[in-house]
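To start, the structure under review is shown below, and the notes come after it.
In the UniProt record's numbering, the protein residues as written are 1 to 345.
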C-alpha cells in the first residue's frame, strides 16, 4: 500500500509494543511491507511514559522510535495533552487538592520539553492536543485542563511543543469531525490558535467509522472546511466497525462502555461474505475520497495492523470479535486490500 499511494500520501498503522519489540514477528513483517508511517497506540500517552512526577518510562517509546528510524518511516508522537490516560497527580498539589494553574502549566511544559525534546529530529509530527471538543455542542470539553488552566490550555501546549522541537509538525486530533457541530468547534479552536500566531500543521480526523455512517459527503465537507484554514488533513485512526454498536454515536469516547450482550457480538465464527463485501466497498470508497483530496491529505493511518490488534474487540463492549481492519487475524489481506489498491490506479 505504501508504494501504491507514495505519490499521494503516507499510509500507516498504529503499533503496540509486541510489534515494536519483535515478539509479533508476522505483524512486524507486515508493517515493514505495507506501511511508511507509524503511530504509537498507547506507549507515548502520559500515563505510560510519565507515570509519576519524577519518573519517566522511556524504554517502550525508545524502541518505537528506533523501529521507525530503522525502517525509514514517518514517525508520529501521540499524544501530549488528553483528558484520558493522564495520571491524577498532574492535576493535584502535594496535599491532593486541585493544583494551581501555575503548577499544572509548569508540569505540562516540563513534560513536553522532556518527551518532545528527547525525540527531537526523530519524531516527525505530534498530536499535541487530543479530543478537546465536546460531542454535542462543539464547545470546549469540560476537562481538568480547561478547569485549571483556562481556555488557553491548547495554546500553551502548542507553544511548548513548538519550542521543544521547532521542526516537528504539530497536530490537533479528534473523532466525529464529520459532525457539523464538532467541525465548527474545531474550526473555532484552530482559528483562535492562529490568531495568536500559533501554527497548526494539520488536523487529524480520527476515522472511527461504520459501514454506512458517516456519509462520504459528511467526511468530504470536513476535509474541505479544514483545508480552508490553511491546514493539512490527516486521517489518523481509521477503522470500520462492522458490528452492531450500542453506543448512541459513531465515535471514540472510551469512557462510554457497555455490558456484554450477544446481540452486539454476532460474528464470533467469521465474517459473512455479504458483510465482507460491504467492508470492501466502504474502504475502497474512503480511499477514493482520500485520493481525490490528496493535495491536502498528508497521511492515512489505520488504528491497528490486523483485526486481532484492534481496540474495537474491547470497545464499547469487552471480548467482541471485531473485523475493522484491512488484514485479518491470520495476517492475511482481506478483499478490501485489493479494492483499496485499485483506487490508487
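Where a beta carbon is used, it is the ideal one built from N, C-alpha and C, also for glycine.
Boundaries of the alpha helix (DSSP H) in which residue 366 is found, first to last residue: The shown model of the chain, from 1 to 345, leaves out residue 366, and the question about it has no answer.
In chain order, each alpha helix (DSSP H) run of at least 4 residues that lies wholly inside the segment 72–144: For the segment 72–144, whole alpha helix (DSSP H) runs of length 4 or above, ordered along the chain, are 101–118.
Residue 60 - DSSP class collapsed to helix/strand/coil: What you label residue 60 is simply residue 60 of the chain shown in a count that begins at 1. Reduced to three states, the DSSP call for residue 60 is helix.
Sheet register partners of residue 310 (DSSP bridge): Locating residue 310 in the chain shown gives position 310, counting from the first residue. Its beta-bridge partners do not exist; DSSP assigns none.
Nearest-angstrom Cα separation, counted from residue 16 out to residue 42: Along the chain shown, read from residue 1 onward, the residue named residue 42 stands at position 42. Along the chain shown, read from residue 1 onward, the residue named residue 16 stands at position 16. Taking the straight line joining both Cα atoms gives about 7 Å.
Extent of the continuous alpha helix (DSSP H) run through residue 223: The residue labelled residue 223 in the question sits at position 223 within the chain shown. Annotation: the continuous alpha helix (DSSP H) that includes residue 223 extends over 216–227.
Test item: CB-CB of residue 128 and residue 107 under 8 Å: The count along the chain shown starts at 1 and reaches residue 128 at position 128. The count along the chain shown starts at 1 and reaches residue 107 at position 107. Contact flag unset, no.
Reduced DSSP secondary structure (H/G/I, E/B, other) of residue 14: Sequence index remark: in the chain shown, residue 14 carries index 14 (1-based). If DSSP states are grouped into helix, strand and coil, residue 14 belongs with the strands.
As assigned by DSSP and simplified to three states, the class of residue 148: Translated into the one-based positions of the chain shown, residue 148 becomes position 148. Residue 148 carries a helical assignment under DSSP once its states are collapsed to helix, strand and coil.
Cβ pair count under 8 Å reaching 3, the segment 24–35 against the segment 84–98: Short answer: they don't touch.
Member of 227, 308, 185, 179 whose CA lies at the smallest distance from the CA of residue 239: For the purposes of this step, residue 239 is identified with residue 239 of the chain shown, where counting begins at 1. Put simply, of 227, 308, 185, 179 the residue whose alpha carbon is nearest the alpha carbon of residue 239 is 308.
Selection from 178, 123, 100 that minimises the alpha carbon distance to residue 70: Along the chain shown, read from residue 1 onward, the residue named residue 70 stands at position 70. Nearest C-alpha to residue 70: 123.
Euclidean distance between Cα positions of residue 279 and residue 163: Here residue 279 refers to the residue found at position 279 of the chain shown. Here residue 163 refers to the residue found at position 163 of the chain shown. Distance between the alpha carbons of residue 279 and residue 163: 43 Å.
Residue from 137, 145, 321, 64 with nearest C-alpha to residue 98: As a position in the chain shown, residue 98 is number 98, starting the count at 1. Each of 137, 145, 321, 64 was checked against the Cα of residue 98, and the nearest Cα belongs to 145.
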